[in-house]
Each structure stands twice: as C-alpha cells, then as structure tokens.
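Here's the structure, in structure tokens; my notes come after.
2 protein chains.
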Amino acid sequence: MRLAELSERSGVSTATIKYYLREGLLQPGHRVTATQAAYGEEHLRRLRLVRALIQIGKVPVAVARDVIAAAEDTSLDHHMRLGAATRALPHPPGPAADDEATGAARRSVDALLEQLGWQDPHDEPSPALGTLVTSVAALARLGYPCDAAHLLPYGRLAAELAVADLDTVEERPTAAGQIEAAVALTVLYEPVLLSLRRLAHIQESARRFGGQEVRPGRSAGPDQAATGA
Amino acid sequence: MRLAELSERSGVSTATIKYYLREGLLQPGHRVTATQAAYGEEHLRRLRLVRALIQIGKVPVAVARDVIAAAEDTSLDHHMRLGAATRALPHPPGPAADDEATGAARRSVDALLEQLGWQDPHDEPSPALGTLVTSVAALARLGYPCDAAHLLPYGRLAAELAVADLDTVEERPTAAGQIEAAVALTVLYEPVLLSLRRLAHIQESARRFGGQEVRPGRSAGPDQAATGA
DNA sequence: CATGTTTGGATAGTGACAGTATCCAAGGGA
DNA sequence: TCCCTTGGATACTGTCACTATCCAAACATG
Numbered sequence: 571m572r573l574a575e576l577s578e579r580s581g582v583s584t585a586t587i588k589y590y591l592r593e594g595l596l597q598p599g600h601r602v603t604a605t606q607a608a609y610g611e612e613h614l615r616r617l618r619l620v621r622a623l624i625q626i627g628k629v630p631v632a633v634a635r636d637v638i639a640a641a642e643d644t645s646l647d648h649h650m651r652l653g654a655a656t657r658a659l660p661h662p663p664g665p666a667a668d669d670e671a672t673g674a675a676r677r678s679v680d681a682l683l684e685q686l687g688w689q690d691p692h693d694e695p696s697p698a699l700g701t702l703v704t705s706v707a708a709l710a711r712l713g714y715p716c717d718a719a720h721l722l723p724y725g726r727l728a729a730e731l732a733v734a735d736l737d738t739v740e741e742r743p744t745a746a747g748q749i750e751a752a753v754a755l756t757v758l759y760e761p762v763l764l765s766l767r768r769l770a771h772i773q774e775s776a777r778r779f780g781g782q783e784v785r786p787g788r789s790a791g792p793d794q795a796a797t798g799a
Numbered sequence: 571m572r573l574a575e576l577s578e579r580s581g582v583s584t585a586t587i588k589y590y591l592r593e594g595l596l597q598p599g600h601r602v603t604a605t606q607a608a609y610g611e612e613h614l615r616r617l618r619l620v621r622a623l624i625q626i627g628k629v630p631v632a633v634a635r636d637v638i639a640a641a642e643d644t645s646l647d648h649h650m651r652l653g654a655a656t657r658a659l660p661h662p663p664g665p666a667a668d669d670e671a672t673g674a675a676r677r678s679v680d681a682l683l684e685q686l687g688w689q690d691p692h693d694e695p696s697p698a699l700g701t702l703v704t705s706v707a708a709l710a711r712l713g714y715p716c717d718a719a720h721l722l723p724y725g726r727l728a729a730e731l732a733v734a735d736l737d738t739v740e741e742r743p744t745a746a747g748q749i750e751a752a753v754a755l756t757v758l759y760e761p762v763l764l765s766l767r768r769l770a771h772i773q774e775s776a777r778r779f780g781g782q783e784v785r786p787g788r789s790a791g792p793d794q795a796a797t798g799a
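For the record, the sequence lines run as chains A and B. Under our numbering, think of the first position of the first sequence as 571, with each following residue one higher. Under our numbering, think of the first position of the second sequence as 571, with each following residue one higher.
Structural data, given as structure tokens:
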C-alpha cells in the first residue's frame, strides 16, 4: 500500500507518518520507484503501536524509537530484551538533589524492596527505582508518610498486577509478539490502571463521605443519594 | 519571609515563583511596602504542593491552579470538593472518534463497572471514564483483549488501592487537609504505583523468563542468575 | 508525446507549554 | 547620600509534536 492508504487505514495524517519515518519510528517503505514506496501490514501494525504509545502512553517520540529499537535488538535474549525495552521507556526523573527527604525515601524504598523480597536482577537498578524514590521524597516533604509500611500494600498490589500482565504477555505465541506485548501493556495499561484507581476513589469517597449529595444550583434532593441512577 | 527566602527554602527559583504568582497558583504575599511582600509558612507549603503536582505529577500549570481553586471552594461540601478537585485534574483525552473499537470498549467498560458494582454518584461521568474507554479501545485496536473479564482483576485491585488511599486521607485531621491530601495522594501516588508496577514486572519477568542472564559484553556468569546481589 | 495530478521527501514554520532573562522603580542599609 | 537588593512587568528561550509548503519525479490520460 502507498503512504496515502497507510494514512487512511491508520487515521494518521500523511504529514505525521512522514514525520515518524524521519524520526525512525517506522521502517521506510519498500521503494518501488524513486518517488514511490510501498508499505505492508506490518507498517500499519507498527504505526498503530507507535500512535498508541505516543498518544495514549504519552511516550516522547524519541523514546518510542528507542523502545522499539530495543524490542527488536535480536542480540539480546528474551528476558533481556524485555528489560531493555521497558528500561528505555520514559521514566520521570530520578532524584536530583540529595537532601534529607531523598535519603529517607531511599531507605524506605530499600526496606520495602526487602520486605517484598525483590532484588534487581540486572546490573544496574531500574530507572523506576529513581522515580519511586523521587516521588516518595516529594510526598514526605509534603508531610505524607511514605514509609515501607505504607508502601507495602501498594507493592503487593503491584506484584499482583505484574502477574496478570505477564500472563497476558505469555498469551502471545511468538517471542517478538511477547516483547511487543510487554511494551504495549506496560505503557497502555497505565492509563487504564490510573483511570480505574480514580474511579475507585470516587466510589470509595462516596461510600465514606457521600450520600447527602448537597449540590448547589441543582434541585437534586438528598434522598436519591449515591444509590441513584 | 520575603520572596528570596521562600525561594531558598523551597528550592524554587524566584523567577519561577513569580511565574506561579502570575498564574495564580500562589496567593500574593502580604504587601509590606510598595515593593516588598511577606510570605508565610502556608505559602511555602502551597509552593511545595504546587511544585510536586507539576514536577512529579506532570500536572499542567493551568490545571494545578484549577485543582487548587476547586479544593478551596468552600461553597461545596466535603465530598463534592473532593470530587471537584480530582475532576479538575488532568485526564488524558476521552474518545475522539466513535469507531467500532470505541464502541466495544465502551461496552466492556460498562460491563466492568456493573460487575464491580460501581455507579457514578455524580451527575455526569468522571473524565476518567473517557480515558479508560480510550485506552481500552487503543489496546483492542492493537489486538490485545481488554474485555470486562480481563479488566476485572485490575478493577478489584484499584478498589483496594482506593481503600488504602482514603484511609490515608482520613488520617488528616482537618477537612481542608483531607482535600489537599486527596489531591496530593491521587496525583503523587501515581508515579509510585507505576514505578512499583514496573519493578514488579522486572521481578515477575525474571521469575518467568530470567535466570540464565546471558549478557553480551560482560562476563557475568549464568550461575549468579537472578538470585545474585 | 504533452499535460495535469499524485506521490514522497526535504525544509521551515506553528502553537502550546514551562519556565527564564531583562528591565525598572521603590526600599533599605552603610 | 549612595548603592545594592527586592518585587513586579514584559519579553524572550527552548522543547516538543506536529504541520504547511515546496519541489521534482512518476503515473494516468488524451
């Protein structure tokens, strides 16, 4: 198929596809003549993945390129490619300063990992660790307790999530498919998870604080409460 | 304290503080003279919150202003203020197109909410719902199954998270503190949760696929494997 | 073969965003 | 008094993800 058709079937403008080609997110199409190229189904599939990563997952374009490159780096084995791909994903910055809050956060996180029995199987720690420390430090600076005890339930839930995620990954028949699935699920389930969490917040908040539903400007009576339609 | 001291104690440059003042993220300081203003501890606290929301939580500046305004809108009761504040938070865009994948995603999400027993207590659905539908649709388009059955475990975990989060919120003694806590925890626990999930992925991936640790370019033997330091 | 349209590639421009740099007049300290 | 700092207003910068414009080579058509 030509670029125009690829654009139509993917819903991505030709200008954007050209941009992705330029940035190395898409393999160039097979050159038919000097001024025409043919694209296949795998281009379409790749394009959809890239789009989802960038639009849904908010992955920067340059990072998406690196992730895809890592996912296709056949010099690594399965496990390492998984690690390399997810490691290339965007991570919020690790701790910049080395103040007291950061040190305390680091200790909390270390304690948490030990309680969870997690060890880093790679040589260097995942960038996710830095993100975790930064976030915990920020919370601590605001006066919210984030010690290992508070974090432990979140860690356990994360472990459950990981089991479910890897189950889904293993449903893929091919190794390449599993790598792609790992990347896609890691990134694209994040908004799913966060949305569900926010919806659950609303439910739980309604359960605890709600019910009276005193709304200004509307005549919604308190009797229909949270059980209403 | 003066602006310079506020800057020093918060680690935020005076230029940025001025920017936040301009954007309405910070109350102006108490004007001492025509050219000097005094800031209090509450300014410092607010500034730290704003910084955390923007830097850690990636909340756009304009949204952070709205969230804070909603959190301080005393015309609403506790529950509604919580809802208004979290509703003002940035949400990835809802479904733009109304294609087949979106429709299927919407049905999956509806089924999920029903299975979870969740109802929207507010008049209009949370923007998180739109995000969820968009993400599920994107996953479906890539060929990853995201029906209610697959989502259900995530939903249950989200419910558990919400219980833990609201417990933390209720630890705050004052109503205003609870609102702030709800906003801060909603936003700042997101990177915590996502980091933990990624770390858990690494653990689970090592458990399933790892062990041999065949690394190119390094002499790490396969014997130290995933149980190594 | 002439001609007009389409195609793909290169280049430069756009708009949003989050700050940052500069300038200025009014205070405050030596 | 003199100079340095302070806070406020204005304009600038860099980044990012596109997007609009050109251009020359093909292809389709008469």
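All C-beta atoms, glycine included, are put in the ideal place defined by N, C-alpha and C. All figures in this text were calculated on a predicted structure; none of them were measured in a lab.
{"Item": "Among the residues of its own chain, which have a CB less than 6 Å from the CB of A/Met571, if the five just before and after it don't count?", "Value": "Tyr609"}
{"Item": "Quick one: complete alpha helix (DSSP H) runs, 4+ long, within the segment 594-670 of chain B?", "Value": "611-621, 631-641 and 648-658"}
{"Item": "Please state if the CB of B/Arg616 and the CB of B/Leu646 are separated by a distance shorter than 8 Å.", "Value": "no"}
{"Item": "Could you have a look at B/Pro792 and say whether DSSP puts it in helix, strand or coil?", "Value": "Note on B/Pro792: pLDDT 38, under 50, position unreliable in the model; no value is reported."}
{"Item": "What are the boundary residues of the alpha helix (DSSP H) that A/Leu763 is part of?", "Value": "Ala745 to Arg778"}
{"Item": "Please classify B/Gly791: is it buried, with 16 or more other beta-carbons within 10 angstroms of its beta-carbon, or exposed?", "Value": "For B/Gly791, the predicted model reports a pLDDT of 35, less than 50, meaning its position is unreliable; a value from the coordinates is still stated below. Classification of B/Gly791: exposed, given that the 10 Å Cβ count is below 16."}
{"Item": "By the criterion of Cβ-Cβ separation under 7 Å, what are the contact partners of A/Asp735 in chain B?", "Value": "His771"}
{"Item": "Which value, in whole angstroms, describes the spacing of the CA atoms of A/Ala707 and A/Asp735?", "Value": "28 Å"}
{"Item": "Tell me which residue opens and which closes the alpha helix (DSSP H) that A/Leu727 is part of.", "Value": "Ala718 to Glu740"}
{"Item": "Would B/Gln685 and B/Ala718 qualify as a contact pair, given that the criterion is a beta-carbon distance under 8 Å?", "Value": "yes"}
{"Item": "Do three or more CB pairs link the segment 571-582 of chain B to the segment 760-773 of chain B at distances below 8 Å?", "Value": "no"}
{"Item": "Does chain B have any CB closer than 8 Å to the CB of A/Gln606?", "Value": "no"}
{"Item": "Report the option in A/Glu730, A/Pro715 and A/Leu652 whose CA atom is closest to the CA atom of A/Ser696.", "Value": "A/Leu652"}
{"Item": "What are the boundary residues of the alpha helix (DSSP H) that includes B/Pro697?", "Value": "Pro697 to Arg711"}
{"Item": "Using the Cα positions of B/Glu740 and B/Leu727, report the straight-line distance between them to the nearest angstrom.", "Value": "20 Å"}
{"Item": "With a threshold of 6 Å on Cβ separation, who are the neighbours of B/Gln748 within its own chain once the five nearest residues in sequence on each side are excluded?", "Value": "Val739 and Arg742"}
{"Item": "Is the beta carbon of A/Ala671 closer than 8 Å to that of A/Ala710?", "Value": "yes"}
{"Item": "Interface residues of chain B around A/Glu611 at Cβ under 7 Å?", "Value": "Ordered by position in chain B, no residue passes the 7 Å Cβ test against A/Glu611, which lies about 12 Å from the chain."}
{"Item": "Kindly list, in the order they appear in chain B, the residues whose Cβ is closer than 9 Å to that of A/Thr656.", "Value": "Arg768, His771, Ile772 and Ser775"}
{"Item": "So with CB distances below 8 Å, who are the chain A contacts of B/Tyr724?", "Value": "Leu731, Ala734, Tyr759, Val762, Leu763 and Leu766"}
{"Item": "Applying a beta-carbon distance threshold of less than 8 Å, which residues of chain A neighbour B/His648?", "Value": "Phe779"}
{"Item": "Whole angstroms is fine: what's the gap from A/Ser775's alpha carbon to B/Met650's?", "Value": "10 Å"}
{"Item": "Tell me the rounded alpha-carbon separation between A/Gly713 and B/Ala751.", "Value": "10 Å"}
{"Item": "For chain A, check one thing: does any of its Cβ atoms lie closer than 8 Å to the Cβ of B/Ser789?", "Value": "Because B/Ser789 sits at a pLDDT of 34, beneath the cut-off of 50, its placement in the model cannot be relied upon, and the following sentence gives the value as read from the coordinates. No, no contact with chain A."}
{"Item": "Out of B/Ser765, B/Leu764 and B/Val757, state which residue places its alpha-carbon closest to the alpha-carbon of B/Ala658.", "Value": "B/Val757"}
{"Item": "Output needed for B/Thr644: all residues of its chain with C-beta closer than 6 Å, excluding positions within five of it in sequence on either side, in chain order.", "Value": "none"}
{"Item": "What is the rounded straight-line gap between the Cα of B/Ile624 and the Cα of A/Gln606?", "Value": "45 Å"}
{"Item": "For A/Thr756 and chain B, any beta-carbon pair shorter than 8 Å?", "Value": "yes"}
{"Item": "So, at 6 Å on beta carbons, what are the nonlocal neighbours of A/Thr656 in its own chain, with the 5 sequence-adjacent residues on each side left out?", "Value": "Thr756"}
{"Item": "In three-state terms, what does DSSP make of A/Tyr590?", "Value": "helix"}
{"Item": "Nearest-angstrom Cα distance between B/Gly725 and A/Tyr759?", "Value": "12 Å"}
{"Item": "Please list, in chain order, the chain B residues whose beta carbon lies closer than 8 Å to that of A/Val631.", "Value": "Neighbours of A/Val631 on chain B: none; closest Cβ ~17 Å, over 8 Å."}
{"Item": "Could you give the C-beta distance for B/Thr701 and B/His648, rounded to a whole number, given that I count them as a contact under 8 Å?", "Value": "B/Thr701 to B/His648, Cβ: 25 Å. No contact."}
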